[in-house]
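Worksheet for the structure shown next.
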Amino acid sequence: MFGTMSTNARLLLSITGVVEAITGVALLLAPALLIEVLLGAEPDTPAGMTVARVAGAAVLSLAVACWLARDDMAGAAKGLVTAMLIYNFAVVAIFILGWLRHGIAGIALWPVVAAHLALGVWCAVCCLAPTRISDR
30 MFGTMSTNAR
40 LLLSITGVVE
50 AITGVALLLA
60 PALLIEVLLG
70 AEPDTPAGMT
80 VARVAGAAVL
90 SLAVACWLAR
100 DDMAGAAKGL
110 VTAMLIYNFA
120 VVAIFILGWL
130 RHGIAGIALW
140 PVVAAHLALG
150 VWCAVCCLAP
160 TRISDR
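Going by my numbering, the sequence shown opens with residue 30, and the numbers climb by one from there.
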């Protein structure tokens with residue numbers, strides 16, 4: 030989280046791209062395992078497995094967008110960082126609500142919540158950082 034906006038955003042998008050790619054592929058290939066570790070429950074219907082795989086495709090798409098945008102600090106990359114800010118804070122809220130309302134909690138729930146919270150804050154820092162002329 031140090032350096033110019035470009036350095037910050039490039040590192041953020043690179044890390045996000047790798048982590049979300051792993052998550053997306055895991056949801057596509059082994060959704061039941063990932064959901065068990067994350068939520069302590071299984072998607073016990075074909076519909077649940079299908080939705081998990083659709084989520085995997087969406088997360089993998091975000092990962093690819095982050096990876097490809099990491100070298101472009103123009104408006105599109107800043108827009109992607111803003112979108113990832115919303116995504117990360119939404120994930121935090123959804124997981125906390127799931128824990129509060131339904132008691133869902135797997136071994137990885139809180140580390141994942143903490144990671145998304147940290148990434149969301151990092152996105153906010155990047156979005157609020159002034160862009161220097163040389164960064165454009």
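Glycine included, every Cβ here is placed at the ideal spot set by N, Cα and C. Just so you know, these numbers come straight off a predicted model, no measurement behind them.
For this session: Taking only the alpha-carbon atoms, compute the straight-line gap between Asn37 and Val48 and give it to the nearest angstrom.
Result: 17 Å
For this session: Leaving aside the five residues before and after Glu65 along the sequence, list all residues of the same chain whose C-beta is less than 8 Å from its C-beta, in chain order.
Result: Glu71 and Gly135
Problem set entry | Residue of Ala103, Leu97, Pro60 and Ser43 minimising C-alpha distance to Ala86 | Pro60
For this session: If I'm right that Leu68 touches Leu138 with Cβ under 8 Å, what's the distance once you round it to whole angstroms?
Result: 7 Å
For this session: Using alpha carbons as the reference points, say which of Leu63, Ser35, Cys156 and Ala55 lies closest to Cys113.
Result: According to the sequence displayed, residue 113 carries Met and not Cys. For Met113, the nearest C-alpha among the options comes from Cys156.
Exercise. Which residues bound the alpha helix (DSSP H) around Pro140?
Worked result: Leu138 to Leu157
Exercise. Taking C-beta to C-beta, are Gly46 and Ala84 nearer than 7 Å?
Worked result: no
Exercise. Does any C-beta atom of chain B lie closer than 7 Å to the C-beta of Val88?
Worked result: No chain B appears in this structure, which consists of one protein chain only.
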